[in-house]
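*Asks:*
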Amino acid sequence: MDKRVILAVAGAGKTTHIINSLSLDKRSIIVTYTENNYHHLRHRIIQKFGFIPETVTVLTYFTFLYSFCYKPFLHDKYRAKGINWNTPPGFTLRLRRSDKIFYIDSSGRLYSNRIAKLIEQETVLGHVQNRLSKYYDQLFVDEVQDFGGHDFNLLKSLCSAELDINYVGDFYQHTFDTSRDGNVNKSIYNDFEAYQAHFHDVGIIPDTTTLSHSYRCTPQVCAFITEYLGINIQSHKDTSSEVLFLTEAEQIREKFLCNETVKLFFQNHMKYPCLSQNWGKSKGQDHYTDVCIMLYPAAMKAYKDGDLRNLNASSRNKLYVACTRANNNVFFIEENQVKQFSC
Amino acid sequence: MKFIEKIKIFNFKRFDAFEYCAREKRNIFVGDNETGKSTILQALDIVLTGSRTRVETLGLESLFHRDAVTRFLAGDKDLNNLPILRIEIYLNEHANIALEGINNTDETVCHGLRLVCEPMDEYGEEIQAALKQDDPLFPYEYYSITFSTFAGRAYTQNRRFLNHIFIDSSLIGTEFATRHYTKSLYEANTNLVQRHQNKHAYRQNKAEFAGTSFAALNEAVGGVKFDIKNDSKSNLEQDLMITEGGIPISQMGKGNQCFIKTEFALQQREGAVPIDLILIEEPENHLSHVNMKRLINRIEESTQTQIMIATHSNSVCSRLDLHNASLLSPSSNRPISLHNLSDATADYFVKAPNNKILEFILSKSVVLVEGDAEFMLIDGMYGNLFSEKLEDSNIHVISVGGTSFKRYLDLAKLLGIKTAVIRDNDGNCQKKCIDNYADYTQENIQIFYDRDDENRTTLEKCLYQDNEDLCKELFEPGRRTLEALEYMLDNKADAALKLLEEGMDRLVTPSYISQALTWIRE
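Protein chains in written order, with the working numbering: chain A, 1417 to 1759; chain B, 21 to 542.
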C-alpha cells in the first residue's frame, strides 16, 4: 500500500496530479480543505469523465469529518445539530477531554476544531479506518498544509487504513491556522524538516520530488524565491521573465494604474483603488500574468537587507504565495510609495 | 442479494420490546389473534417505505405502544422517561456506505434502516407545561418522525434501500392498496430514466389529444378552452393499472388478486430492479384451497426474494417448511423459532395431510390421543371429573396417528407445550409406552397408559372392565350376536358415540385417563 505525502511547490499541478490518478476502476475519495478547491476539483473531475463517476467521492474536509467520521459512529451518542465554527470558549480548554462540554456547545453544535479530537477520544478511529478500507481503494487529501491542531493528528491516524493514501500540499502555502486548539500541534509549520518527520514517523513517506517543479513560475522567479525566501522551487518553464524592483515614480504610477497587473498587498488591499488583492487571499489564483507586490515597511527592510527568508513564517509564506501567482514577471514596490493613491 | 437479518421493535403497537432474527429466504409468523403477526409486517412496511406522511396519517397515537403511554402518564412524567418508538431493520452486509454505521441499539457497525419517533428537545418547555396540566394528554404533537440509516443519514420515500412489496389481504380491493401496489411494481420494473420518459410521453400524448380532438370544439367555443388536466391527481402514476387477460386486477376477485399480485411480484425481470422482499399478510383469507396450493408452490420456487408471511393456515405454515416458522405468543417479546426442529419432523409436517400443526403450536396444554374413540369421550370424561369443559380450561385434544406422536412431541419439547399423551399399552407397556418415549418424557411431557399387559391392553378393554354393567346394558340387548366387549372392539367409533350419547353420566373413567386429565389440568 502506497502511503505518501507529496510536498509540492506552487503551480506544480497538485490538482492535475490527483485528477490523473483517478480512474473508473478505482474507488477514490478526495478530501480537500476549502470550499473553493472542492468546487475546483469537482469541475476538473467532470472535465475528465464528463460527470462525477460513482466510484469517485469528493468531500470538503468538514463534510468528511461530520458525515463520514462522526455521523455513522457517534451520532446517536452526541446527537449534534451541526457545526460551530467559532473558537470554543476559553474555559473549555481546562475541561477533561472526556467531558462532553469540551466538544459540543450549548445549542448542540460540535466545535469545528474538535471534531477530530472527538473521533480519537471516542475510539472510533478503527471504525473510520475500516470504512475507508472497505469502501475505497485510494484516499487523497488535498491542501494538506491547512491541517493543524487535532485535524493534523487525525490525518496521521488515518494512515493505518488499508488503502493507498496520497496527501498533497505545499508546506509554504500554510498561511493561517484555521483549526488551532490550544497548544495542540502549534508549531508543526515552523520547520519543514520536522514537519516531514511527523509523517515519516507514522509510515507516510514524504515526497519532495514528484511535484518540485512549477508549471506556472518562470526559472527567474523560482530562482528569486529560492535565493531570497529560502524556499526550494524549480521551474518547468523554458520562457524567461523578470523580477524587478520599481523605484521610479513614473514607473510606480504606471504599474499602479495598470489594469492588467494585479497589486498584491500584505493586508487592506481594499484601501487602494486599483486591481488588487491581499497576499494570503491570492492563494489558489493562477491566472495572473504579471504580479506587482507591495512591500510593507518591515518587509521592505528585509528586502533591502536580503533577509526576506527571516520574516516570520506566516508573512514569509504569504509573500511566497504572492510571488508564485505570477505566470510571468514579478514587480516589487515599496508600499509607502503608493500611500498617496489610497482612498 | 439484499435481505433483512433482524428486526427490533420498541414501543410500537403491541410490542414494548421485540426482536426477531430473520431467515434469509422464508419467514412464517404464526400466532393467535392479537399476537402481533401483522404488526411486524406493518412495521417493516413503514420503515422500508420511509414515508413521514404515512406515519402522520396513521397517527402516532395509534402506533405507540398503549401500555408505555399509560405507564408514562401514571408515573412521575419525567421528560427523560418519555417513551420512544423505534423500529430497526438490520440488513445483511452488501457494501452500501449509506447504510453502514453504528447508530442502532445493538451498537455494532452494520447495515440498517430505522424509524425513530421521539420528543423534540427544542420543545422541552412546552412538553413540560403540557404534562403539568391536570389529566394531561400524551404529547404526541411534540414528537419527531425520523427515518434514517445506521450511518445517520436521513432518507425519504424517494430512496429505496430495499425493494419490497406488501400484499395485505385485509386491504386487498381497496383503491389505496391497489394503487400502492401498482406503483411499487411499476417502479420495480422500470428505471428512473424510463419512468421519466414514460411520464413525458404520457403528457405529450395528452397535449396532442387536446390539440387535435378538441381543436374544432375549442374553435367553436372561442375564448375559453377545454384541455386535459396534468397535475398530481392526473398523471401517469395515478392512471396506471395492471391487467390480466384484459381485465384490470382491481376488478378481479380478491383471491385472484392476491394470487396474481404475488405471482407478479415474484417474477424477476432481467434488468429490472429486483424485488428483495415480499410481505404477505394472511394469504389464506381470500384463497381457495387450490389457489392456496398454487401460491405456496410459487413461493417455494422463488429463490431470489426474501418472503415474510403472517398466517393462520396449517398448509401455508407446514408446506413452507416449519423450520421457517416462528411462533408469536402474547406473553413473549421474542418469537419462538422452529429452526431447531429436527429435519424429519419438519419434513413430516410438510407431507402429512390434514395435520393439526397450528392448533398444536398455538396451545398451552394439549392431550394427544391415538384414536377417534378417545377423542370423542375425553371431553365428557373431563366434565365428569371436574365439572368443567376442556375448552374453558384451554386444553386442546388432538387425535394423532400411531407414529406421529413423536413429531408432535418434538414440537412440544421445543415450544414447552404441556402435553399429555394417552396410549394403549397393546400388551407391552414397557416397550410401547416407556422405552418408546424415554427421550421425550420431561417436565412438560408425560405419557399415560395402563400397566396391565394382560387384560387392559386397549381403551375398550379398560372401559369394559371399569363399566361392565353399563356396557352390557348398552351393547348386549338381544339384537346383537356379539358380546359387549367384542362389539366394542369391532366398532370402536360407534361404541364410543353410543357411550357418549347415552352413558356419559354413568361412565367411570379408566384411572390412567383420569390421571392424565388431572395432570394436564394442574
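Glycine included, every Cβ here is placed at the ideal spot set by N, Cα and C. All figures in this text were calculated on a predicted structure; none of them were measured in a lab.
Nearest CA to the CA of Glu-302 of chain B: which residue from B:Ala-37, B:Glu-54, B:Phe-84 and B:Ser-58?
*Replies:* As a position in the second sequence, residue 302 of chain B is number 282, starting the count at 1. Minimum Cα distance to Glu-302 of chain B is reached at B:Ser-58.
*Asks:* Within this structure, are the beta carbons of Ile-269 of chain B and Ile-300 of chain B separated by less than 8 angstroms?
*Replies:* For the purposes of this step, residue 269 of chain B is taken as residue 249 along the second sequence, with counting starting at 1. For the purposes of this step, residue 300 of chain B is taken as residue 280 along the second sequence, with counting starting at 1. No. Outside cutoff.
*Asks:* So what does DSSP say about Ile-381 of chain B, is it helix, strand or coil?
*Replies:* Taking the second sequence and counting its residues from 1, one reaches residue 381 of chain B at position 361. Three-state result, Ile-381 of chain B: helix.
*Asks:* Beta carbon of Thr-1448 of chain A, beta carbon of Leu-1457 of chain A: below 8 angstroms?
*Replies:* For the purposes of this step, residue 1448 of chain A is taken as the residue at position 32 of the first sequence. For the purposes of this step, residue 1457 of chain A is taken as the residue at position 41 of the first sequence. A contact, by the Cβ cut-off of 8 angstroms.
*Asks:* Looking at C-alpha atoms only, which residue of B:Glu-146, B:Lys-518 and B:Ser-168 is the closest neighbour of Glu-108 of chain B?
*Replies:* Position 88 of the second sequence, counting from 1, holds the residue named residue 108 of chain B. Checked all of B:Glu-146, B:Lys-518 and B:Ser-168; the closest Cα to Glu-108 of chain B is B:Ser-168.
*Asks:* Anything in chain A within Cβ reach of Glu-120 of chain B, meaning under 9 angstroms, just list it in chain order.
*Replies:* As a position in the second sequence, residue 120 of chain B is number 100, starting the count at 1. Those are Pro-1488, Arg-1547, Lys-1550 and Tyr-1551, listed as they occur along chain A.
*Asks:* Could you name the residues of the same chain whose beta carbon sits closer than 7 angstroms to that of Ser-1651 of chain A, not counting the 5 residues immediately before and after it, in chain order?
*Replies:* By 1-based counting over the first sequence, the position of residue 1651 of chain A is 235. Cβ neighbours of Ser-1651 of chain A beyond the five flanking positions: His-1629, Ser-1630, Cys-1633, Thr-1634, Pro-1635 and Cys-1638.
*Asks:* With Asp-1617 of chain A as the anchor, note down where its beta strand (DSSP E) starts and where it stops.
*Replies:* Indexing the first sequence from 1 puts residue 1617 of chain A at position 201. That residue, Asp-1617 of chain A, is in no beta strand (DSSP E); its alpha helix (DSSP H) goes 1608-1617.
*Asks:* Is Met-396 of chain B closer than 8 angstroms to Leu-483 of chain B when the C-beta atoms are compared?
*Replies:* The count along the second sequence starts at 1 and reaches residue 483 of chain B at position 463. The count along the second sequence starts at 1 and reaches residue 396 of chain B at position 376. In this structure, Met-396 of chain B does not lie closer than 8 angstroms to Leu-483 of chain B by Cβ.
*Asks:* With a threshold of 8 angstroms between beta-carbons, can Asn-123 of chain B be considered close to chain A, or not?
*Replies:* As a first step, residue 123 of chain B must be located in the second sequence, where it is residue number 103. Closer than 8 angstroms: yes.
*Asks:* In whole angstroms, give me the CA-to-CA distance for Cys-1485 of chain A and Gln-217 of chain B.
*Replies:* The count along the first sequence starts at 1 and reaches residue 1485 of chain A at position 69. The count along the second sequence starts at 1 and reaches residue 217 of chain B at position 197. Each residue's Cα considered, the two are about 39 angstroms apart.
*Asks:* In three-state DSSP terms, what is Val-67 of chain B?
*Replies:* Numbered from its first residue, the second sequence carries residue 67 of chain B at position 47. Of the three classes helix, strand and coil, the one that applies to Val-67 of chain B here is helix, per DSSP.
*Asks:* If you pair each beta-carbon of the region 129-142 of chain B with each one of the region 151-169 of chain B, do three or more pairs fall below 8 angstroms?
*Replies:* Verdict: yes, contact present.
*Asks:* State the CB to CB distance for the pair Cys-337 of chain B and Ile-48 of chain B, rounded to an integer number of angstroms; the pair is presumed to be in contact (CB under 8 angstroms).
*Replies:* Residue numbering aside, residue 337 of chain B sits at position 317 when the second sequence is read from its first letter. Residue numbering aside, residue 48 of chain B sits at position 28 when the second sequence is read from its first letter. Right, their Cβ atoms sit about 6 angstroms apart.
*Asks:* Between A:Thr-1705, A:Leu-1541, A:Lys-1699 and A:Val-1746, which has its C-alpha nearest Leu-1711 of chain A's C-alpha?
*Replies:* Sequence index remark: in the first sequence, residue 1711 of chain A carries index 295 (1-based). Of the candidates A:Thr-1705, A:Leu-1541, A:Lys-1699 and A:Val-1746, the one whose C-alpha sits nearest the C-alpha of Leu-1711 of chain A is A:Val-1746.
*Asks:* Can you list, in chain order, the residues of its chain whose CB lies under 8 angstroms from that of Asp-341 of chain B, leaving out five sequence neighbours each side?
*Replies:* The residue given as residue 341 of chain B occupies position 321 in the second sequence. If we look at Asp-341 of chain B and ignore the five residues flanking it on each side, its Cβ neighbours are Arg-46, Ala-366 and Val-370.
*Asks:* Provide the residue(s) that pair with His-343 of chain B in DSSP beta bridges, ordered along the chain.
*Replies:* For this step, residue 343 of chain B is matched to residue 323 along the second sequence. BP columns for His-343 of chain B are empty, so no partner.
*Asks:* Would you say Glu-171 of chain B faces chain A, with C-beta separation under 8 angstroms as the test?
*Replies:* The residue you call residue 171 of chain B lines up with position 151 of the second sequence. As written in the sequence, residue 171 of chain B is Ala, which differs from the Glu given in the question. Taking Cβ atoms only, chain A reaches closer than 8 angstroms to Ala-171 of chain B, which makes this a yes.
*Asks:* List the whole-angstrom C-beta distance separating Glu-120 of chain B from Phe-170 of chain B, where the pair is believed to meet the contact cut-off of C-beta under 8 angstroms.
*Replies:* Against the second sequence, residue 120 of chain B aligns to sequence position 100. Against the second sequence, residue 170 of chain B aligns to sequence position 150. 6 angstroms between Cβ atoms; contact.
*Asks:* Which residue spans inside the region 199-225 of chain B form an unbroken beta strand (DSSP E) run of at least 3?
*Replies:* Counting only runs of 3 or more, we get nothing.
*Asks:* For Asp-52 of chain B, name the three-state secondary structure that DSSP assigns.
*Replies:* In the second sequence, the residue the question calls residue 52 of chain B occupies position 32. Coil.
*Asks:* Is DSSP giving Glu-1670 of chain A helix, strand or coil here?
*Replies:* Walking along the first sequence from the start, residue 1670 of chain A turns up at place 254. Glu-1670 of chain A falls in the helix class under three-state DSSP.
*Asks:* Answer yes if the region 268-284 of chain B comes into contact with the region 193-213 of chain B, meaning at least three C-beta pairs across the two stretches below 8 angstroms, and no otherwise.
*Replies:* Yes, they touch.
*Asks:* Ignore the nearest five residues each way along the sequence and tell me which others in Gly-144 of chain B's own chain have a CB closer than 7 angstroms to its CB.
*Replies:* Position 124 of the second sequence, counted from the first residue, corresponds to residue 144 of chain B. Correct list, in chain order: Leu-99.
*Asks:* How long is the line joining the alpha carbons of Cys-1690 of chain A and Lys-1653 of chain A, rounded to whole angstroms?
*Replies:* Residue 1690 of chain A sits at position 274 when you count from the first residue of the first sequence. Residue 1653 of chain A sits at position 237 when you count from the first residue of the first sequence. Going from the Cα of Cys-1690 of chain A to the Cα of Lys-1653 of chain A covers about 30 angstroms.
*Asks:* In or out: Ser-1523 of chain A buried (at least 16 other Cβ within 10 Å) or exposed?
*Replies:* Within the first sequence, the letter at position 107 stands for residue 1523 of chain A. Label assigned to Ser-1523 of chain A: exposed.
*Asks:* Does the CB of Asp-1492 of chain A have a neighbour CB from chain B at under 8 angstroms?
*Replies:* Position 76 of the first sequence, counted from the start, is the residue given in the question as residue 1492 of chain A. Yes, its Cβ sits closer than 8 angstroms to a Cβ of chain B.
*Asks:* Whole-angstrom Cβ separation of Gly-436 of chain B and Asn-464 of chain B, contact assumed at under 8 angstroms?
*Replies:* Counted from its first residue, the second sequence places residue 436 of chain B at position 416. Counted from its first residue, the second sequence places residue 464 of chain B at position 444. Right, their Cβ atoms sit about 6 angstroms apart.
*Asks:* In the DSSP output, what is Tyr-110 of chain B paired with across the bridge?
*Replies:* Stepping through the second sequence from its first residue, residue 110 of chain B is reached at position 90. DSSP lists B:Lys-26 and B:Gly-132 as partners of Tyr-110 of chain B.
*Asks:* Along chain A, which residues have their Cβ under 8 angstroms away from the Cβ of Val-67 of chain B?
*Replies:* Indexing the second sequence from 1 puts residue 67 of chain B at position 47. What Val-67 of chain B touches in chain A: nothing, since even the nearest Cβ is about 17 angstroms away.
*Asks:* If I follow the unbroken beta strand (DSSP E) through Gln-466 of chain B, where does it start and stop?
*Replies:* The residue given as residue 466 of chain B occupies position 446 in the second sequence. First-last of the beta strand (DSSP E) with Gln-466 of chain B: 465-468.
*Asks:* For Gly-403 of chain B, tell me which candidate among B:Ile-29, B:Lys-22, B:Thr-538 and B:Arg-106 has the shortest Cα-Cα distance.
*Replies:* Here residue 403 of chain B refers to the residue found at position 383 of the second sequence. Of B:Ile-29, B:Lys-22, B:Thr-538 and B:Arg-106, the residue nearest in Cα terms is B:Thr-538.
*Asks:* Hey, does Val-129 of chain B have any beta-carbon neighbour from chain A nearer than 8 angstroms?
*Replies:* Position 109 of the second sequence, counted from the start, is the residue given in the question as residue 129 of chain B. For Val-129 of chain B, the answer is yes, since a Cβ of chain A falls inside 8 angstroms of its Cβ.
*Asks:* Identify whether Asp-98 of chain B lies in helix, strand or coil by the three-state DSSP scheme.
*Replies:* Counting from one through the second sequence, the residue named residue 98 of chain B turns up at place 78. Asp-98 of chain B falls in the coil class under three-state DSSP.
*Asks:* Could you tell me which of B:Lys-481, B:Ser-534 and B:Arg-541 sits nearest to Ala-516 of chain B, measuring between CA atoms?
*Replies:* Numbered from its first residue, the second sequence carries residue 516 of chain B at position 496. Ala-516 of chain B has its Cα closest to that of B:Lys-481, out of B:Lys-481, B:Ser-534 and B:Arg-541.
*Asks:* Sorted by chain position, which residues of the same chain lie with C-beta nearer than 8 angstroms to Lys-1699 of chain A's C-beta, five sequence neighbours on each side aside?
*Replies:* Looking up residue 1699 of chain A in the first sequence gives position 283. If we look at Lys-1699 of chain A and ignore the five residues flanking it on each side, its Cβ neighbours are Gln-1589, Thr-1591 and Val-1737.
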